[in-house]
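Trainee: Reminder that position 214 of the sequence shown reads as 325 in my numbering, one-by-one numbering, no gaps. All residues carry an ideal CB built from backbone N, CA and C; glycine is no exception.
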Amino acid sequence: MAKRVLRKIDRTIIPLLFVTYMFNFMDKVILSSAAVFGLRDDNNLQGQQYSWLGSAFYFGYLIWEYPTTILIARLPTAKYLAGNTVFWGVAVAMTAACTNFAGLVTVRFMLGVAEATITPAFMFLTSTWYTRDEMPFRLGIWFAGNSVGGLLSSLLAYGVGHIDDHVGPWRWMYIILGVGTFLWSIPIFIWLPDSITKARFLNEEERQFAADRVVVAGTGITENSKWKLEQVKECFMDPKTYLILSIELLSQIPNGGSQSFSNIVVKSFGFTSLQSTLINIPYSILTASIIAGTGWLAGRFRKANTLLIIAVVLPCVTGAAMIYNRDHISHGVQLFAYFLLAPGPAAMPLNMSLVQANYRGVTKKMTMTAMIFIMYCTGNIAGPHLFRQYEAPTYQTAFQTIMICYALVIVMVLMLRGYLIWLNKKRAAVEGFVGSAGAAGAVGDGKVIGEDVRNVQQVVEEVQLRPEDYEDVTDWKTVGFRYRY
Numbered sequence: 112m113a114k115r116v117l118r119k120i121d122r123t124i125i126p127l128l129f130v131t132y133m134f135n136f137m138d139k140v141i142l143s144s145a146a147v148f149g150l151r152d153d154n155n156l157q158g159q160q161y162s163w164l165g166s167a168f169y170f171g172y173l174i175w176e177y178p179t180t181i182l183i184a185r186l187p188t189a190k191y192l193a194g195n196t197v198f199w200g201v202a203v204a205m206t207a208a209c210t211n212f213a214g215l216v217t218v219r220f221m222l223g224v225a226e227a228t229i230t231p232a233f234m235f236l237t238s239t240w241y242t243r244d245e246m247p248f249r250l251g252i253w254f255a256g257n258s259v260g261g262l263l264s265s266l267l268a269y270g271v272g273h274i275d276d277h278v279g280p281w282r283w284m285y286i287i288l289g290v291g292t293f294l295w296s297i298p299i300f301i302w303l304p305d306s307i308t309k310a311r312f313l314n315e316e317e318r319q320f321a322a323d324r325v326v327v328a329g330t331g332i333t334e335n336s337k338w339k340l341e342q343v344k345e346c347f348m349d350p351k352t353y354l355i356l357s358i359e360l361l362s363q364i365p366n367g368g369s370q371s372f373s374n375i376v377v378k379s380f381g382f383t384s385l386q387s388t389l390i391n392i393p394y395s396i397l398t399a400s401i402i403a404g405t406g407w408l409a410g411r412f413r414k415a416n417t418l419l420i421i422a423v424v425l426p427c428v429t430g431a432a433m434i435y436n437r438d439h440i441s442h443g444v445q446l447f448a449y450f451l452l453a454p455g456p457a458a459m460p461l462n463m464s465l466v467q468a469n470y471r472g473v474t475k476k477m478t479m480t481a482m483i484f485i486m487y488c489t490g491n492i493a494g495p496h497l498f499r500q501y502e503a504p505t506y507q508t509a510f511q512t513i514m515i516c517y518a519l520v521i522v523m524v525l526m527l528r529g530y531l532i533w534l535n536k537k538r539a540a541v542e543g544f545v546g547s548a549g550a551a552g553a554v555g556d557g558k559v560i561g562e563d564v565r566n567v568q569q570v571v572e573e574v575q576l577r578p579e580d581y582e583d584v585t586d587w588k589t590v591g592f593r594y595r596y
């Protein structure tokens, strides 16, 4: 039963999330390719205006982030996501009609509003369907759609870059992606269920098992939940909130600049526009592999998550330091240093999995989700402005800041790890038992899953769940809840 239900869930949910996230990233990063294929010249961009295009997207994202997290929990999630994808596709396609900075800023802002729903909705869906042990790997899989999207956008840009007509390559890039995104809303609408009880790909017995498994080994039921002010307050009072937010901000400042300027930086190593586009293909493959691999490791080893964040940002510190001192090294070594930045994006899904696995209570978790993406936006707004036009092509300020930010991520991660270890020991001493970071806490008649137990079906069959086990309770108020680190 457990294997069959999980296989059906994976087969239906993950491909939809993966492809959607692939489009999500392609529509963002195609700006970098469009920049080297005429967008800047055709729209007469001057000075820091191109950097503002990168930031404008995140201003829209920032403004709509908290309202959309409320709507995700209150509206039929899949239908809301499908409608949002229609609006998102239209915003992408409209970029092709722009002829000046004002038009580009407007559509980039609207694209940010449209895409603000995607990742919070995916986090909500992942915690709805999966257990705490399953979340990191599934999150890593759909988040890897980012890098696969980067790969496909590079291939698209390379192919379309050969077009020589009155429309222009960069406009064709946005037309193709806009239409593709718009059409993808149809499969989302048809096949993505709003909740476990409405999943047509499961029978009645399987739907009940799917619900029970997240009660026993997940972070609780998300269906029919209400917005609770006390959970919002608890989220703001929780010390781990601010450590996780600091990690997100510091890891996204480098991300914001490197996304918008990736092709421009590679081109400065002595490559042509088409070559710089091709070079980002193996870069994207490497990033996708690291994201999926570290996600699997975080799910398999409950005490590895924070160590994996350190492992993926350490090469970035080295790579940024090498590019910062690029005057003294060859173009080949500079390109190697650029590839050392490839693991950096894996820090975000690992940080997100800490939120998904360590926060209980729908309102608390969605509040934290909104806050983490506010930090995401803030970092990505600031990032492009570190690339000063007058410093081109070396951009020393940018790479010095990237190096410092990633080094500070390591410091904050070590602090978070120490705090969560201390918190687990404190809760174990108060409650009188060790508990498990793979369980939802005490359920049934007070039964607590052991740390070494991973057989979800066995636990579901052994425990007689009570109505109160399906209630929306936070991690602070759940006996036996232990944190992953």
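Please state whether DSSP places Phe592 in a helix, a strand or coil.
Mentor: Correct three-state label for Phe592: strand.
Trainee: Closest to Met112 by CA distance: which of Lys351, Leu389 and Glu315 is it?
Mentor: Closest by alpha carbon: Glu315.
Trainee: Which first and last residues belong to the alpha helix (DSSP H) in which Glu542 is found?
Mentor: Here the alpha helix (DSSP H) through Glu542 covers Gln507 to Glu542.
Trainee: Tell me where the alpha helix (DSSP H) around Tyr161 begins and ends.
Mentor: It spans Gln160 to Arg185 - the alpha helix (DSSP H) in which Tyr161 sits, taken as one unbroken run.
Trainee: If you drop the 5 nearest sequence neighbours on each side, which residues of the same chain put their C-beta closer than 7 Å to that of Met479?
Mentor: Counting only Cβ-Cβ distances below 7 Å, and skipping sequence neighbours, we find Cys346, Thr352, Val466 and Tyr470.
Trainee: If you check the beta carbons only, do Cys516 and Pro365 fall under 8 Å apart?
Mentor: The answer is yes: Cβ separation under 8 Å.
Trainee: Could you check if Gly529 is buried or exposed, using at least 16 other CB atoms within 10 Å of its CB as the buried criterion?
Mentor: With fewer than 16 Cβ atoms within 10 Å of its Cβ, Gly529 is classed as exposed.
Trainee: Would Leu94 pass as a contact of Leu419 if the rule is Cβ separation under 8 Å?
Mentor: Since the first residue of the chain shown is 112 and the last is 596, residue 94 is not available in this structure.
Trainee: To the nearest angstrom, how far is it from the Cα of Trp587 to the Cα of Ala457?
Mentor: Taking the straight line joining both Cα atoms gives about 28 Å.
Trainee: Does the region 368-382 come close enough to the region 250-259 to have 3 or more Cβ pairs within less than 8 Å?
Mentor: No, the region 368-382 does not touch the region 250-259.
Trainee: Just verifying my parser: in three-state terms, what is the DSSP assignment at Ser336?
Mentor: If DSSP states are grouped into helix, strand and coil, Ser336 belongs with coil.
Trainee: Could you pull the start and end residues of the alpha helix (DSSP H) that Ala399 belongs to?
Mentor: Here the alpha helix (DSSP H) through Ala399 covers Ser384 to Arg411.
Trainee: Distance, Cα to Cα, Leu288 vs Arg413?
Mentor: For Leu288 and Arg413, the distance between alpha carbons rounds to 38 Å.
Trainee: Report all residues from its chain with a CB closer than 8 Å to the CB of Met477; omit the five preceding and five following residues, and keep chain order.
Mentor: Excluding sequence neighbours, Met477 sits near Thr180, Ile181, Ile183, Ala184, Pro231 and Phe235.
Trainee: Looking only at C-alpha atoms, which of Leu385, Met459, Trp283 and Pro454 sits nearest to Thr398?
Mentor: Taking only the C-alpha atoms, the option nearest Thr398 is Pro454.
Trainee: Taking C-alpha atoms, which residue in Arg411, Gly410, Thr405 and Gln507 lies nearest to Ile421?
Mentor: Ranking Arg411, Gly410, Thr405 and Gln507 by Cα distance to Ile421 puts Thr405 first.
Trainee: So, with DSSP's three-state summary, where would you put Ser464?
Mentor: DSSP places Ser464 in helix when its eight states are reduced to three.
Trainee: Cβ of Gly430 within 8 Å of Cβ of Tyr449?
Mentor: Result yes, Cβ atoms of Gly430 and Tyr449 sit closer than 8 Å.
Trainee: Throw me the rounded Cβ distance for the Val444 and Met459 pair, which I believe falls under 8 Å.
Mentor: Incorrect: roughly 27 Å between the Cβ atoms, too far for contact.
Trainee: For Phe198, collect the residues of the same chain with a Cβ closer than 6 Å to its Cβ; drop the 5 residues on either side in sequence, then sort them by chain order.
Mentor: Result list for Phe198: Ala225, in chain order.
Trainee: Is Ser547 helix, strand or coil when you go by DSSP?
Mentor: Three-state DSSP puts Ser547 in a strand.
Trainee: What number of angstroms, rounded off, separates the C-alpha of Ser296 from the C-alpha of Asn195?
Mentor: Using only the alpha carbons, I get a separation of about 8 Å.
Trainee: Check His442 in the structure and name its three-state DSSP category.
Mentor: In this structure, His442 counts as helix in the three-state DSSP scheme.
Trainee: Looking at the secondary structure, which residues open and close the alpha helix (DSSP H) in which Met133 lies?
Mentor: Ala113 to Ala145 is the span of the alpha helix (DSSP H), which, as asked, contains Met133.
Trainee: Whose C-alpha, out of Tyr487, Asp138 and Pro504, is nearest the C-alpha of His442?
Mentor: Selected option, being the one with the closest Cα: Pro504.
Trainee: Label Arg122 either buried or exposed according to how many other C-beta atoms from any shown protein chain fall within 10 Å of its C-beta, with 16 as the threshold for buried.
Mentor: Exposed, by the Cβ-count rule.
Trainee: Pop quiz: Ile485 and Glu176 are said to be a contact at Cβ under 8 Å. What is the actual Cβ separation, rounded to whole angstroms?
Mentor: 6 Å between Cβ atoms; contact.
Trainee: I'd like to confirm something about Thr330: is its beta-carbon nearer than 7 Å to some heavy atom of the ligand GDP, or not?
Mentor: Within the structure as shown, the ligand GDP is missing, as the structure has no ligands at all.
Trainee: Distance check for Leu356 and Arg219, CA to CA, integer angstroms please.
Mentor: In a straight line, the C-alpha of Arg219 is about 25 Å away from that of Leu356.
Trainee: Straight-line CA distance for Gly273 to Thr489?
Mentor: At residue 273 the sequence reads His, which differs from the Gly that was named. So the two alpha carbons sit approximately 36 Å from each other.
Trainee: For a quick check, are the C-beta atoms of Val424 and Val522 less than 8 Å apart?
Mentor: Their beta carbons are not under 8 Å apart, which means Val424 does not touch Val522 by this criterion.
Trainee: Whole angstroms are fine: how far does the CA of Leu142 sit from the CA of Ile332?
Mentor: Going by the C-alpha atoms only, they are around 39 Å apart.
Trainee: From this set, Met526, Met463 and Asn211, which residue's C-alpha is nearest Tyr161's C-alpha?
Mentor: That would be Asn211, whose Cα lies nearest to the Cα of Tyr161.
Trainee: Please tell me whether Arg324 and Thr242 are closer than 8 Å, where the distance is taken between their beta carbons.
Mentor: The answer is yes: Cβ separation under 8 Å.
Trainee: So Lys476 is in the alpha helix (DSSP H); what residue range does that whole segment cover?
Mentor: Val473 to Ala493 is the extent of the alpha helix (DSSP H) around Lys476.
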